[in-house]
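Numbering (the numbering used here), first residue to last: 1 to 407. All C-beta atoms in this analysis are idealised placements derived from N, C-alpha and C, irrespective of residue type, glycine included. Working notes, structure below.
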Amino acid sequence: MSIQSEKSSRGSTANVRDSDSEVSSEDPKISTGRKTISEIVQSNPDKRMRRKRGIIAPHAPLDTTRAFTDLQYDKYAKDEVSIQQIKRAIMSNDFLKNIMDDERLDAVVEAMSPQEFPAGSLMIREGESGSHLYVSAYGRFEVLKGGQVVKNFGSGEAFGELAILYKAKRFASIRCITEAKVWTLERRVFQKIMVRSGRQEQEDNMRFLSSVPLLQGIHPIELAKISDFLKREFFATGTPVVRQGDKGDKFYIIRGGTVAVTKRDGDGGERPVGVLKRGEYFGEQALLHEDRRLATVTAMAPGVECLTLERGPFTELLGNLEELKNIRHAVPRPSQQKKTSEVKSEIVGTMGVGGFGRVELVQYKKEPSLTFALKCLKKIDMVQQQQQEHAFNEKNIMMATPSTYIS
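Written out as structure tokens, the structure reads:
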């Protein structure tokens, strides 16, 4: 994958299709006398290719008419007890809980189908390639490693998640001790859910931003950059989102729920002003200057989720709002024309969205079957998490590695 600033041109960085490992080292020649990655690969290329085959899917021409347009999947009815059981199992799993929001979780629950096994059935075989996630509905199961039982578990457990997340081989076998029922989700359906939710979230954010009068007149390219700065924040019922008189440095768009707006009277009481709901916004003047809040905004039951945009990162990375409105993309500036002419690839769709950015599926215009993953990172998140050195190390290591999967 390639590491790219959201502020930079898409054609200005190396594009990398896959990497085996992450190593943090400022100098690829580590001073302990160990070989560099390049030396190891060159001295034993067969070993590297064997390892690669374990994590890379076989190459096949991309059917772009289906891959990112056919995002429909079957849904299976469940009672409330089953729904809550699946949700608890997923949110208790260390690998799954960090990539789930409410929309994705609901979609995963809807897409899981029932499957029953008789006692003694071997559901998962150690070392085999897997393609399904499971949540146990009822029954008893045992985990076998090298033929030895290492653990037993019952209902309400999620397992097999590495197969849909990383296409990893099964690290243990799972056998049914009793008759059992599980809920199952195929990797292909899981990928559709992730792509669909990532795309939908980006479209929603763009639509929210374009509806704000203060941001009207800004080119969609710049709005897309702004949408990458948005953060989700949840406020419980009765929590003041902003208080009248406080310094304003953040802009809010309501993504879900409602808020009550009140103002103080001369005698110190609170006077209702109105109610704001999904798609409405407040605090937009915070993008321009540090005015004091003119009203108090409080979350109503059952709570409110907001997309927030801070003035600091906004102005640091995009500059003054009025200057941003004056950017015209119809006629590229001289410094942009060369970069535009060099772009030989196009984005097919979003493969996934993570904590620091997103991964796009990209194909070469002249050879559509040649595809790769483009990793787009958010500068603001890397700076806040102090991950700059890690990002540069990742890029430098991949660029120093001789491989047909890196370009």
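Check: Residue 55 classed as buried or exposed, judged by whether at least 16 other C-beta atoms fall within 10 angstroms; Outcome: Bear in mind that the predicted position of residue 55 carries a pLDDT of just 33, short of 50, making it unreliable; the figure below should be weighed with that in mind. Residue 55 should be labelled exposed.
Check: C-alpha distance - residue 277 paired with residue 101, whole-angstrom precision; Outcome: 20 Å
Check: Three-state class that DSSP yields for residue 225 in the structure shown; Outcome: helix
Check: Cα-Cα separation between residue 18 and residue 188, rounded to whole angstroms; Outcome: Its pLDDT being 36, under 50, residue 18 is placed unreliably in this model, and the value from its coordinates should be taken loosely. Each residue's alpha carbon lies about 19 Å from the other.
Check: Cβ-based neighbour list, residue 237, same chain, cut-off 8 Å, excluding 5 preceding and 5 following; Outcome: 299, 300, 301, 302 and 303
Check: Residues that DSSP places opposite residue 152 in a beta bridge; Outcome: 142
Check: Helix, strand or coil at residue 311 [DSSP, three-state]; Outcome: helix
Check: Inter-residue Cα distance where the pair is residue 128 and residue 118; Outcome: 21 Å
Check: Anticipated Cβ contact below 8 Å, residue 105 with residue 83, distance rounded; Outcome: Rounded, the Cβ-Cβ distance is 10 Å, inconsistent with contact.
Check: Option nearest residue 360 by Cα separation, candidates 194, 136 and 148; Outcome: 194
Check: Given residue 190 as reference, the closest of 140, 133 and 231 once Cα atoms are compared; Outcome: 133
Check: Anticipated Cβ contact below 8 Å, residue 261 with residue 212, distance rounded; Outcome: The pair is not a contact, with the Cβ atoms about 17 Å apart (cut-off 8 Å).
Check: Residue closest to residue 174, alpha-carbon to alpha-carbon, out of 79, 94, 150 and 394; Outcome: 150
Check: Same chain only: Cβ atoms within 6 Å of residue 152, ignoring 5 sequence neighbours per side; Outcome: 142
Check: Three or more C-beta pairs below 8 Å linking the stretch 307–316 and the stretch 227–237; Outcome: yes
Check: DSSP beta-bridge partners of residue 369; Outcome: DSSP output for residue 369 lists no bridge partner at all.
Check: Minimum Cβ-Cβ distance from residue 301 to chain C less than 8 Å; Outcome: Although the question refers to chain C, the structure presented lacks it and comprises just one protein chain.
Check: Buried/exposed call for residue 81, threshold 16 Cβ in 10 Å; Outcome: exposed
Check: Three-state class that DSSP yields for residue 177 in the structure shown; Outcome: coil
Check: Contact between the stretch 245–257 and the stretch 281–297 (3+ Cβ pairs under 8 Å); Outcome: yes
Check: Reduced DSSP secondary structure (H/G/I, E/B, other) of residue 206; Outcome: helix
Check: Reduced DSSP category for residue 198 - H, G, I as helix; E, B as strand; rest coil; Outcome: helix
Check: Nearest-angstrom beta carbon gap, residue 171 and residue 126 [assumed within contact, 8 Å]; Outcome: 7 Å
Check: Contact check, residue 137 vs residue 113, beta carbons under 8 Å; Outcome: no
Check: Coarse secondary structure for residue 413, derived from DSSP in three states; Outcome: Here the chain covers residues 1 to 407 and nothing more, so residue 413 does not appear.
Check: Start-to-end residues for the beta strand (DSSP E) that takes in residue 260; Outcome: 259–264
Check: Exposure of residue 196, with buried meaning 16 or more beta-carbon neighbours within 10 Å; Outcome: buried
Check: Nonlocal neighbours in the same chain, by C-beta distance under 6 Å from residue 335, ignoring five residues either side; Outcome: Bear in mind that a pLDDT of 43 at residue 335, under 50, signals an unreliable position, so the number given afterwards is only what the model happens to contain. The answer is none, since no qualifying residue turns up.
Check: Cβ-based neighbour list, residue 115, same chain, cut-off 6 Å, excluding 5 preceding and 5 following; Outcome: 182 and 184
Check: DSSP three-state assignment for residue 399, whether helix, strand or coil; Outcome: helix
Check: For residue 271 and residue 263, the rounded distance between their alpha carbons; Outcome: 5 Å
Check: Option nearest residue 411 by Cα separation, candidates 72, 241 and 267; Outcome: The structure shown does not extend to residue 411, since the chain is modelled only from 1 through 407, so no value can be given for it.
Check: Own chain partners of residue 365 with C-beta closer than 7 Å, once the 5 adjacent residues on each side are dropped; Outcome: 344, 345 and 346
Check: Distance between residue 206 and residue 79 (C-alpha atoms, nearest Å); Outcome: 35 Å
Check: Cβ neighbour criterion (16 or more within 10 Å) applied to residue 227; Outcome: buried
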